[in-house]
């Protein structure tokens with residue numbers, strides 16, 4: 008089996024030596040961060056399995072789909088609607104960008120002091136160590152932040168890249184119109200690549216598929232309101248990370264099984280921590296696989312993360328159940344584009360919705376404290392933290408602001424700060 | 008006279024103690040950086056005079072205008088069209104943000120690791136040391152970068168703020184439409200503030216005023232093609248910095264006088280440096296007054312800056328002569344919005360126009376080298392530098408990339424790098 012994949016990776020142009028190094032590290036990290044957890048839900052086995060074959064099984068699926076004439080579309084950000092890509096008969100795969108493993112290659116072109124996610128997004132392609140990226144026919148980027156926006160320009164020299172404009176003042180009529188027209192342009196681009204003309208039926212079906220995925224993820228989120236929560240923050244984070252690149256229908260089915268187990272746990276008052284464990288919300292930048300750094304620190308310090316206001320958390324489902332009752336392609340795409348502008352990304356100004364979300368979630372999930380998480384030099388989230396702290400103060404929820412990258416250098420310092428924060432909460 | 012201004016500043020709510028400290032430093036810096044230059048054009052006396060009364064005379068003019076019922080509109084970025092503000096019968100004043108004097112106040116709210124211009128823009132208001140800011144009835148921001156976009160949200164808690172959305176993919180029809188509608192919305196906002204309904208005549212007149220200003224600045228730019236150039240880079244930079252906040256008609260007149268003197272110098276082959284001095288282009292982030300750091304280093308090292316591809320250089324005039332022949336408000340505003348999208352800011356993706364501009368300017372101004380200037384953590388310009396270097400390599404023009412802030416800490420290091428760059432050029 009292993010040998011088969013080596014051939015597959017070689018055919019994809021993977022830098023085998025560097026890739027071997029990466030794969031040698033991952034199991035160790037995963038064992039330490041994930042498998043060491045006590046009392047995990049049994050249904051997490053599926054996600055463990057996905058990680059154990061992270062560059063194998065799913066990549067093989069993509070290549071099989073390509074053999075059957077399908078195209079593979081890679082993306083990095085929620086603002087590229089899954090519904091459109093699925094409707095075009097392409098396979099969508101979220102790329103990761105959660106490791107500093109390729110910083111050296113990235114920094115040959117990109118500045119050092121940019122966000123680690125952007126560095127990794129570019130670096131994994133530049134270093135040729137991501138088989139998903141190698142398998143992709145096109146990468147669809149977006150203009151959600153300066154760093155990514157400009158990085159995509161450089162990425163376009165390494166692989167076909169198409170960038171979607173996301174407006175910045177989403178409450179204006181002209182911004183909604185711009186995004187709708189950008190979605191129509193993306194539809195044309197996808198049709199051009201796949202040779203498949205998107206129909207009303209395609210969109211109705213794809214909206215249904217993604218609605219089902221969001222519904223089950225919403226249920227997963229809800230189970231964590233229980234005291235104690237039936238699943239760790241780390242495990243829930245992993246489920247969301249895998250949601251970005253797994254087959255959506257299988258993922259929905261497997262996550263349904265997980266949710267059923269969690270609901271059973273709640274009935275039986277089975278939790279992953281003691282009832283007294285401090286309940287923490289993490290809010291801010293996305294955490295791409297394998298970025299488990301903050302979650303591991305927090306949950307190793309005796310607290311439990313019960314909700315992520317993040318692209319790997321509540322923002323992932325914030326477009327809600329999209330109405331697919333319309334009967335023209337234009338109206339269905341309008342429904343998609345309107346719904347997606349409900350994702351409260353810090354790229355918007357103002358972005359009051361995010362602050363309101365955090366305040367609401369703090370109450371609903373009975374959190375004892377919020378950790379505001381920014382990737383280094385992410386100006387959007389970094390600056391928005393000021394408003395967040397002010398609003399949380401009004402409801403007496405303390406906030407700790409962490410800005411970090413993917414290195415291990417500051418793990419000691421962050422651990423100390425998190426422990427002090429938890430101690431303050433426990434008092 | 009001095010005493011009058013103290014009363015004026017106090018009435019504006021200025022933090023007098025801190026403001027005194029600022030004003031005590033400026034003349035020393037100005038003497039060292041500007042007045043020490045040899046063979047300056049005589050017409051620079053006007054700009055010296057403006058700087059010598061930097062927080063006095065012009066502020067008094069603004070207050071007199073306010074007494075006469077006018078409103079004062081402050082702004083930071085070229086993407087807020089002067090034409091619209093002037094047409095609304097308001098006085099437009101560009102704020103500076105070129106000093107780290109208020110970093111402490113700014114960092115109470117903003118992250119430390121953001122662009123120094125953004126920190127200063129916010130800090131000068133937070134610390135109450137800028138009489139222009141204090142005199143402003145509204146500040147008009149824009150979404151040209153993540154940092155400014157989010158900073159304006161916090162600024163809005165300190166003073167009335169309105170943010171214009173600038174699109175990010177300016178070549179699409181939907182982006183042009185969005186910007187046009189944003190301009191129409193800004194027009195309404197200005198009318199609301201000033202109580203003055205903008206007419207066709209107002210726009211025709213204001214377009215004419217700003218066209219005249221741009222025409223003379225274009226002439227100033229052109230004089231520097233001469234070998235040797237008749238004016239230093241530092242002096243030209245100052246003229247552009249003052250263009251942001253001086254009365255436009257007086258400024259145009261005074262700059263006309265300067266240009267005439269420079270043209271006379273060219274005829275007589277009078278230059279500010281020896282013909283053999285290396286000719287440098289600076290390309291990148293704007294330099295707000297009193298940010299003269301890089302120019303001072305370069306010109307103290309024996310080179311001369313002959314062109315700035317910058318908001319305080321060629322970008323300032325890149326909207327060109329706007330056609331004011333249309334006869335409806337909508338058509339005139341359409342002419343403005345279309346013209347402004349020709350400013351090749353790194354906020355755009357792709358922004359090929361800027362690279363093309365630099366390559367063209369390098370030839371036109373016979374430059375020996377380009378210094379790419381980025382403010383710290385300005386992802387847009389920082390990342391774009393990679394493309395710039397590649398394109399300049401093709402025409403055999405060397406490029407030095409400098410990323411810096413407003414502190415003096417790296418002056419020694421930058422000087423060493425600039426000197427090494429010049430030495431390489433001279434070989």
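Residue numbers (the numbering used here), protein chains in the order written: chain A, 8 to 434; chain B, 8 to 434. Virtual Cβ for every residue (Gly too), placed ideally from N, Cα, C.
Measure how close the beta-carbons of residue 382(A) and residue 292(A) come, nearest whole angstrom, since I'm counting them as under 8 Å.
-> Numbered from its first residue, the first chain carries residue 382(A) at position 375. Numbered from its first residue, the first chain carries residue 292(A) at position 285. Right, the Cβ-Cβ distance comes to about 4 Å (below 8 Å), so this counts as a contact.
Within this structure, are the beta carbons of residue 285(A) and residue 197(A) separated by less than 8 Å?
-> Taking the first chain and counting its residues from 1, the one referred to as residue 285(A) is at position 278. Taking the first chain and counting its residues from 1, the one referred to as residue 197(A) is at position 190. No, these two residues do not count as a Cβ contact at 8 Å.
Cβ pair residue 405(A), residue 376(A) closer than 8 Å = Your numbering for residue 405(A) matches position 398 in the first chain. Your numbering for residue 376(A) matches position 369 in the first chain. Their beta carbons are under 8 Å apart, which means residue 405(A) touches residue 376(A) by this criterion.
Comparing alpha-carbon positions, which option in 35(A), 288(A) and 312(A) lies nearest residue 280(A)?
-> Translated into the one-based positions of the first chain, residue 280(A) becomes position 273. Checked all of 35(A), 288(A) and 312(A); the closest Cα to residue 280(A) is 312(A).
Can you tell which of 137(B), 45(B), 304(B) and 95(B) has its C-alpha closest to the C-alpha of residue 192(B)?
-> Here the question's residue 192(B) lines up with position 185 in the second chain. That would be 95(B), whose Cα lies nearest to the Cα of residue 192(B).
Length of the line joining the Cα atoms of residue 8(A) and residue 169(A) | The count along the first chain starts at 1 and reaches residue 8(A) at position 1. The count along the first chain starts at 1 and reaches residue 169(A) at position 162. With a pLDDT of only 46 at residue 8(A), under 50, the local geometry of the prediction cannot be trusted, and the value read off the model is given with reservation. Distance between the alpha carbons of residue 8(A) and residue 169(A): 35 Å.
Whole-number beta carbon distance between residue 39(A) and residue 414(A), since they are thought to touch under 8 Å | By one-based count along the first chain, residue 414(A) stands at place 407. By one-based count along the first chain, residue 39(A) stands at place 32. The Cβ separation is near 17 Å, so there is no contact.
Same chain, Cβ closer than 6 Å to residue 233(A), neighbours up to 5 away in sequence not counted = For the purposes of this step, residue 233(A) is taken as the residue at position 226 of the first chain. So the list reads 273, once near-sequence residues are dropped.
So, residue 87(A) versus residue 143(A), is the Cβ gap smaller than 8 Å?
-> On the first chain, position 80 is the one that residue 87(A) refers to. On the first chain, position 136 is the one that residue 143(A) refers to. No, they are not a contact pair.
Taking C-beta pairs closer than 8 Å, name the residues in chain A that residue 182(B) reaches, listed in chain order.
-> To locate residue 182(B), count along the second chain from 1; it is residue 175. Annotation: Cβ neighbours of residue 182(B) in chain A (cutoff 8 Å, chain order): 172 and 185.
Mind listing the chain B neighbours of residue 120(A)? Cutoff is C-beta to C-beta under 7 Å, in chain order.
-> For the purposes of this step, residue 120(A) is identified with residue 113 of the first chain, where counting begins at 1. Within chain B, the C-beta atoms nearer than 7 Å to that of residue 120(A) come from 384, in chain order.
Comparing alpha-carbon positions, which option in 283(A), 354(A), 359(A) and 223(A) lies nearest residue 433(A)?
-> As a position in the first chain, residue 433(A) is number 426, starting the count at 1. Nearest of 283(A), 354(A), 359(A) and 223(A) to residue 433(A), Cα basis: 283(A).
Keeping to the same chain, check which residues put their C-beta closer than 6 Å to that of residue 155(A); ignore five residues upstream and five downstream.
-> One-based indexing of the first chain puts residue 155(A) at position 148. These residues qualify, in order along the chain: 125.
For residue 62(B), which residues of its own chain have a beta-carbon under 6 Å away from its beta-carbon, when the five flanking residues on both sides are left out?
-> Translated into positions along the second chain, residue 62(B) becomes position 55. Closer than 6 Å at the Cβ level, and outside the excluded window around residue 62(B), lie 138.
Where residue 258(B) falls, given that 16 or more other Cβ within 10 Å makes a residue buried | Locating residue 258(B) in the second chain gives position 251, counting from the first residue. Buried, since its Cβ has 16 or more Cβ neighbours within 10 Å.
So which of 327(A), 111(A) and 295(A) has the shortest CA-CA distance to residue 90(A)?
-> What you label residue 90(A) is simply residue 83 of the first chain in a count that begins at 1. Cα-wise, what sits closest to residue 90(A) is 327(A).
For residue 379(B), three-class secondary structure by DSSP | For the purposes of this step, residue 379(B) is identified with residue 372 of the second chain, where counting begins at 1. Here residue 379(B) sits in strand by DSSP.
Could you say which of 53(A), 22(A), 355(A) and 301(A) lies nearest to residue 109(A) if we only look at CA atoms?
-> Counted from its first residue, the first chain places residue 109(A) at position 102. Nearest C-alpha to residue 109(A): 22(A).
Please name the residue, chosen from 265(A), 407(A), 298(A) and 51(A), that lies closest to residue 36(A) on a Cα-to-Cα basis.
-> Counted from its first residue, the first chain places residue 36(A) at position 29. Residue 298(A) is the option with its Cα nearest to residue 36(A).
Using the rule of at least 16 other Cβ atoms within 10 Å of the residue's Cβ for burial, across every protein chain shown, is residue 24(B) buried or exposed?
-> Sequence index remark: in the second chain, residue 24(B) carries index 17 (1-based). The residue is exposed, with fewer than 16 neighbouring Cβ atoms inside 10 Å.
Counting contacts by CB-CB distance shorter than 8 Å, is residue 395(A) in contact with chain B?
-> What you label residue 395(A) is simply residue 388 of the first chain in a count that begins at 1. Cβ-Cβ to chain B under 8 Å: no for residue 395(A).
Inspect the CB distances between the segment 160 to 174 of chain A and the segment 64 to 75 of chain A and report whether three or more fall short of 8 Å.
-> no
Which residues of chain B have a Cβ atom closer than 8 Å to the Cβ of residue 340(A), listed in chain order?
-> Along the first chain, one-based indexing puts residue 340(A) at 333. In chain order: nothing, as chain B lies at least about 14 Å away.
In this structure, does DSSP put residue 307(A) in helix, strand or coil?
-> Here the question's residue 307(A) lines up with position 300 in the first chain. Three-state DSSP puts residue 307(A) in a helix.
Do you know offhand how far residue 225(A)'s Cα is from residue 420(B)'s?
-> Residue 225(A) sits at position 218 when you count from the first residue of the first chain. Residue 420(B) sits at position 413 when you count from the first residue of the second chain. Rounded to the nearest angstrom, the two C-alpha atoms are 53 Å apart.
Quick one: measure Cβ to Cβ for residue 369(A) and residue 399(A), integer angstroms, because I've assumed they're closer than 8 Å.
-> Looking up residue 369(A) in the first chain gives position 362. Looking up residue 399(A) in the first chain gives position 392. About 7 Å separates the two Cβ atoms, so the contact holds.
Do you know offhand how far residue 204(B)'s Cα is from residue 210(B)'s?
-> Along the second chain, one-based indexing puts residue 204(B) at 197. Along the second chain, one-based indexing puts residue 210(B) at 203. Rounded to whole angstroms, residue 204(B) to residue 210(B) spans 11 Å at the Cα level.
Between the segment 401 to 415 of chain B and chain A, which residues of the former have CB atoms less than 8 Å from a CB of the latter, in chain order?
-> 410
Measure from the C-beta of residue 153(B) to each C-beta in chain A and report whether the shortest distance is under 8 Å.
-> The residue you call residue 153(B) lines up with position 146 of the second chain. Interface residue (Cβ-Cβ distance to chain A less than 8 Å): residue 153(B) is classified as such.
List the endpoints of the continuous alpha helix (DSSP H) containing residue 64(B).
-> Taking the first residue of the second chain as position 1, residue 64(B) is located at position 57. Start and end: 64 to 74.
Kindly say whether residue 293(B), judged by its beta-carbon, lies nearer than 8 Å to any beta-carbon of chain A.
-> Locating residue 293(B) in the second chain gives position 286, counting from the first residue. Taking Cβ atoms only, chain A never reaches closer than 8 Å to residue 293(B), which makes this a no.
With DSSP as the reference, please indicate the residues paired to residue 80(B) in a beta bridge.
-> For the purposes of this step, residue 80(B) is taken as the residue at position 73 of the second chain. DSSP, once it has assigned bridges, lists 99(B) and 145(B) as partnering residue 80(B).
Within chain B, the residues that residue 193(A) reaches when beta carbons sit closer than 7 Å = Start at 1 with the first residue of the first chain, and residue 193(A) comes out as number 186. Result: empty, since nearest Cβ-Cβ is about 12 Å, beyond 7 Å.
Can you tell me where the beta strand (DSSP E) with residue 171(B) in it begins and where it stops?
-> What you label residue 171(B) is simply residue 164 of the second chain in a count that begins at 1. 168 to 171 is the extent of the beta strand (DSSP E) around residue 171(B).
Measuring only between beta-carbons, confirm whether residue 160(B) sits less than 8 Å from chain A.
-> Taking the second chain and counting its residues from 1, the one referred to as residue 160(B) is at position 153. So yes, residue 160(B) belongs to the interface.
Buried or exposed for residue 119(A), please, with buried defined as at least 16 other CB atoms from any protein chain shown within 10 angstroms of its CB.
-> Looking up residue 119(A) in the first chain gives position 112. Result: exposed.
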